[in-house]
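A.B. asks:
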Amino acid sequence: MLILGSALVGCQTYNERVSAPLNAFESGNFTAARTAFADPDTTGSAFLSGVEAGMSAFVGGDFEGALVEFHRAQDASESIDDRATLGLSALRESIATLALNEAQSDYMGEGYERVMMHVMLGLSYLAQGRAEDVLVEARRIDELLTTEQELYDTEYGAGGIGHLLSAIAYELIGKPGEAYIDYQRLQEKGVGGSLAKSALLRLSESLGRSDDLQRFTQEFGEGQQVPEGWPSIVVIAGLGIGPAKNEFKIDVPLPDGVFSMAVPKFSDGRTPTQALELRFPESDIRVRTALIENVSQVAKKNLDDRIGLLTVRSAGRGLLKRQLADQMRDNKRGQALGLLADAFTVFTERADLRAWRTLPDTWVAARAFLPPDEPIAIQLAEVGGDVVPLGTFQLLEGETMFVLARALDSGLVAHAVGGELVEAAPSASSPGARAAARGGLTTPDSLGPGTSTPGADALRRSLSTIQKGTVGTRIGID
């Protein structure tokens, strides 16, 4: 009786429990969001606590703090990740476990969420100039995605962000041949747009792959040549907020009781813009981002591949609860206990709505090459929306500077990593637009503009082996 009674006590849904920290995140209060998400009681899951707090720290520009949180999530999901890399049978065993209520089981992340966790680890390492660690995460992304696709015998069209991280890291350590393979994979998956096309033209020429260069030139057109040693700026950005899980529930009245089943379904993600532009206000060059990965689309497909199993499990629980109700009706106090059991059935059969809520709807990226040792003003802008002045930077020959950004309804947040900040940016063009533009790699709360860390020197020496390339495509030209 006590067990049944406690089960009937109303409780918040998962989406309701995380609404306050999610609102803080979306409004730009990343410190408050991280603090709230870091409390395991907020999410009820060590995995979700780690990834949500990690994303809050990352978007806020605290890359070291992000690594701490993402590693906490990684520790929580390590067992299922290990099963995934061991093989399909071990992973199927963990997925097929029957729970009395999905939301009561330990949540270690959906397959796509564990892939995204390694993406964020890779981005956090990239922000610190740790290219070798980025490659480790990129390999992990590929392993987990391959296992997930084999498990459900499908193709997700995912992994674009992993290939981009891998390609960039290989170029940073002077292995353009390996990067070339990743850019080819981006192109094969139909993502990467002008960024991937430009890279394939650039690398096929520098690597002496004349047949490939001829084929790509016929397919993409001539690329704009740049002088040897020109540095580049790479933008990697998340747009909007990914989908939330909602409940689809069926309560079927029966002559002697009720049968209930519930499964999750994803709502659509949302984004304030479909693309960003890297702008150079002293010239007419604007480089638009290309789609790298549609997170919402992958999440929905991943759930669709599991919905049959979830439906069977929910129906199985519903039948077990019906049997319990029938047994109670056979008791001397059957009518009262039967009604209580019916209420237990209705209130306890709930879909598991837990999900990584701070993930973006999509990942986009762009790249532009610039003359070295010349101060140049840089802006990042939403197409038709916020403009974030990053400041005036000077880049060394062969250097790569990164702009890590997130577009939210409250505004565009951007962090410039690398380069020498010559002149700080003026105020952003809208109250919601925020930027942390600085020379070198810094933690925004502790280091000011122009302060460097050891990782900054590595970035300022990066890509020195690249001899020739193509300028980022201007707006309106593909």
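The sequence shown begins at 14 in our numbering and counts up one residue at a time. The beta-carbon is built from N, C-alpha and C at its ideal position, and this holds for glycine as well. Nothing here was measured: the structure is a model prediction, and the numbers come from that model.
Given a threshold of 16 other Cβ atoms within 10 Å of its Cβ, counted over all protein chains shown, does S384 qualify as buried or as exposed?
C.D. replies: The sequence position of residue 384 within the sequence shown is 371, counting from 1. The amino acid at residue 384 is misidentified as Ser; the sequence shows Pro. So P384 counts as exposed.
A.B. asks: Here's the rule I'm using: 16 or more other beta-carbon atoms within 10 Å means buried, otherwise exposed. How should T284 be labelled?
C.D. replies: Here residue 284 refers to the residue found at position 271 when the sequence shown is read from its first residue. It is buried - the Cβ of T284 has at least 16 other Cβ atoms within 10 Å.
A.B. asks: So Q197 is in the alpha helix (DSSP H); what residue range does that whole segment cover?
C.D. replies: The sequence position of residue 197 within the sequence shown is 184, counting from 1. Segment P189 to E201, the alpha helix (DSSP H) holding Q197.
A.B. asks: Helix, strand or coil, according to DSSP, for N36 in the structure here?
C.D. replies: For the purposes of this step, residue 36 is identified with residue 23 of the sequence shown, where counting begins at 1. Helix, per DSSP.
A.B. asks: Whose C-beta lies closer than 7 Å to the C-beta of A288 among residues of the same chain, with five residues either side of it excluded?
C.D. replies: Here residue 288 refers to the residue found at position 275 when the sequence shown is read from its first residue. Excluding residues within five positions, the ones whose Cβ falls inside 7 Å are R301, T302, V377 and V396.
A.B. asks: Looking only at C-alpha atoms, which of G205, T160 and K188 sits nearest to H176?
C.D. replies: Counted from its first residue, the sequence shown places residue 176 at position 163. Of G205, T160 and K188, the residue nearest in Cα terms is G205.
A.B. asks: Quick check on the DSSP output: the alpha helix (DSSP H) that includes L62 runs from which residue to which?
C.D. replies: Taking the first residue of the sequence shown as position 1, residue 62 is located at position 49. Per the sequence presented here, residue 62 reads as Ser, with Leu not at that position. Taken as a continuous stretch (DSSP letters only), the alpha helix (DSSP H) holding S62 covers A59 to V72.
A.B. asks: Smallest Cα separation from R215: which of S245, T371 and A429?
C.D. replies: As a first step, residue 215 must be located in the sequence shown, where it is residue number 202. Out of S245, T371 and A429, S245 has the C-alpha closest to the C-alpha of R215.
A.B. asks: Buried or exposed: which applies to T56, given that a residue is buried once 16 or more other Cβ atoms fall within 10 Å of its Cβ?
C.D. replies: The residue given as residue 56 occupies position 43 in the sequence shown. Label assigned to T56: buried.
A.B. asks: Go through its chain and collect everything with a Cβ distance to A192's Cβ below 7 Å, but skip five positions before and after it.
C.D. replies: Locating residue 192 in the sequence shown gives position 179, where the first residue counts as 1. For A192, where only same-chain residues beyond five positions count, the Cβ hits under 7 Å are A180, Y183, E184 and L216.
A.B. asks: Consult DSSP for S107 and reduce its assignment to one of helix, strand or coil.
C.D. replies: Residue mapping note: residue 107 aligns to position 94 of the sequence shown, counting from 1. Because S107 carries a pLDDT of 45, less than 50, the predicted location of this residue cannot be relied on, and no value is offered for it.
A.B. asks: According to DSSP, is E77 helix, strand or coil?
C.D. replies: Within the sequence shown, numbered from 1, the residue matching residue 77 stands at position 64. It is helical.
A.B. asks: Can you tell me whether DSSP reads G41 as helix, strand or coil?
C.D. replies: Taking the sequence shown and counting its residues from 1, one reaches residue 41 at position 28. Here G41 sits in coil by DSSP.
A.B. asks: Whose CA, out of L35, P373, A144 and S280, lies closest to the CA of K188?
C.D. replies: The residue given as residue 188 occupies position 175 in the sequence shown. Ranking L35, P373, A144 and S280 by Cα distance to K188 puts A144 first.
A.B. asks: Output yes or no for whether 8 Å exceeds the beta carbon distance between A250 and R419.
C.D. replies: Your numbering for residue 250 matches position 237 in the sequence shown. Your numbering for residue 419 matches position 406 in the sequence shown. Taking 8 Å as the Cβ cut-off, A250 and R419 qualify as a contacting pair.
A.B. asks: Terminal residues of the continuous beta strand (DSSP E) containing L417?
C.D. replies: Residue mapping note: residue 417 aligns to position 404 of the sequence shown, counting from 1. Segment T413 to L421, the beta strand (DSSP E) holding L417.
A.B. asks: By the three-class DSSP mapping on this structure, what secondary structure does E156 have?
C.D. replies: Position 143 of the sequence shown, counted from the start, is the residue given in the question as residue 156. DSSP places E156 in helix when its eight states are reduced to three.
A.B. asks: Along the chain, where does the alpha helix (DSSP H) containing F229 start, and where does it finish?
C.D. replies: Position 216 of the sequence shown, counted from the start, is the residue given in the question as residue 229. Where F229 is concerned, the enclosing alpha helix (DSSP H) stretches over S223 to F233.
A.B. asks: Can you look up V401 in the DSSP assignment and give me helix, strand or coil?
C.D. replies: Here residue 401 refers to the residue found at position 388 when the sequence shown is read from its first residue. It is a strand residue.
A.B. asks: Are there 16 or more other CB atoms within 10 angstroms of the CB of G463, so buried, or fewer, so exposed?
C.D. replies: Numbered from 1 along the sequence shown, position 450 holds the residue referred to as residue 463. With a pLDDT of 28 at G463, under the threshold of 50, the modelled position of that residue is not reliable, and the figure given next carries that caveat. Exposed.
A.B. asks: What would DSSP say about G251, mapped onto helix, strand or coil?
C.D. replies: The residue given as residue 251 occupies position 238 in the sequence shown. If DSSP states are grouped into helix, strand and coil, G251 belongs with the strands.
A.B. asks: Would I194 be called buried (16 or more neighbouring beta carbons within 10 Å of its own) or exposed?
C.D. replies: By 1-based counting over the sequence shown, the position of residue 194 is 181. With fewer than 16 other Cβ atoms within 10 Å, it is exposed.
A.B. asks: Comparing C-alpha positions only, which one of A427, R447, E123 and I391 sits nearest to E436?
C.D. replies: Here residue 436 corresponds to residue number 423 of the sequence shown, with the count starting at 1. Checked all of A427, R447, E123 and I391; the closest Cα to E436 is I391.
A.B. asks: I need the straight-line Cα distance from D225 to V81, nearest angstrom please.
C.D. replies: Stepping through the sequence shown from its first residue, residue 225 is reached at position 212. Stepping through the sequence shown from its first residue, residue 81 is reached at position 68. If you take the alpha carbons of D225 and V81, they lie about 42 Å apart.
A.B. asks: Go ahead and pull the three-state DSSP assignment for L136.
C.D. replies: Reading the sequence shown from its first residue, position 123 is the one you call residue 136. In the structure shown, L136 sits in a helix (DSSP, three-state: H, G or I).
A.B. asks: What's the call for D281, buried or exposed, on a 16-neighbour Cβ count within 10 Å?
C.D. replies: By one-based count along the sequence shown, residue 281 stands at place 268. D281 comes out exposed.
A.B. asks: Please name the residue or residues paired with N307 in a DSSP beta bridge.
C.D. replies: As a position in the sequence shown, residue 307 is number 294, starting the count at 1. DSSP, once it has assigned bridges, lists T375 as partnering N307.
A.B. asks: Do you know whose CA, among V401, N259, S90 and G242, lies nearest E412's CA?
C.D. replies: In the sequence shown, the residue the question calls residue 412 occupies position 399. The residue with the shortest Cα to Cα distance from E412 is G242.
A.B. asks: Mapping DSSP to helix, strand and coil, what is V435?
C.D. replies: Looking up residue 435 in the sequence shown gives position 422. Three-state DSSP puts V435 in a strand.
A.B. asks: According to DSSP, is P285 helix, strand or coil?
C.D. replies: As a first step, residue 285 is located in the sequence shown; it is residue number 272 there, counting from the start. P285 falls in the coil class under three-state DSSP.
A.B. asks: Within 10 angstroms of its Cβ, does R447 collect 16 or more other Cβ (buried), or is it exposed?
C.D. replies: In the sequence shown, residue 447 corresponds to position 434, counting from 1. Classification of R447: buried, given that the 10 Å Cβ count is 16 or more.
A.B. asks: Is DSSP giving I391 helix, strand or coil here?
C.D. replies: Sequence index remark: in the sequence shown, residue 391 carries index 378 (1-based). Strand, per DSSP.
A.B. asks: Grab me the residues of S90's own chain with a C-beta within less than 6 Å of its C-beta, minus the 5 sequence neighbours each way, in chain order.
C.D. replies: Looking up residue 90 in the sequence shown gives position 77. Taken in chain order, the residues that qualify are F60, M121, G122 and R127.
A.B. asks: Tell me the DSSP secondary structure of S245 in three-state form.
C.D. replies: To locate residue 245, count along the sequence shown from 1; it is residue 232. It is a strand residue.
A.B. asks: Do you know offhand how far A37's Cα is from G63's?
C.D. replies: The sequence position of residue 37 within the sequence shown is 24, counting from 1. The sequence position of residue 63 within the sequence shown is 50, counting from 1. Taking the straight line from one Cα to the other gives about 17 Å.
A.B. asks: For H131, write down the residues that DSSP places opposite it in a beta bridge.
C.D. replies: The count along the sequence shown starts at 1 and reaches residue 131 at position 118. Looking at the DSSP assignment, H131 forms no beta bridge with any residue, so it has no partner.
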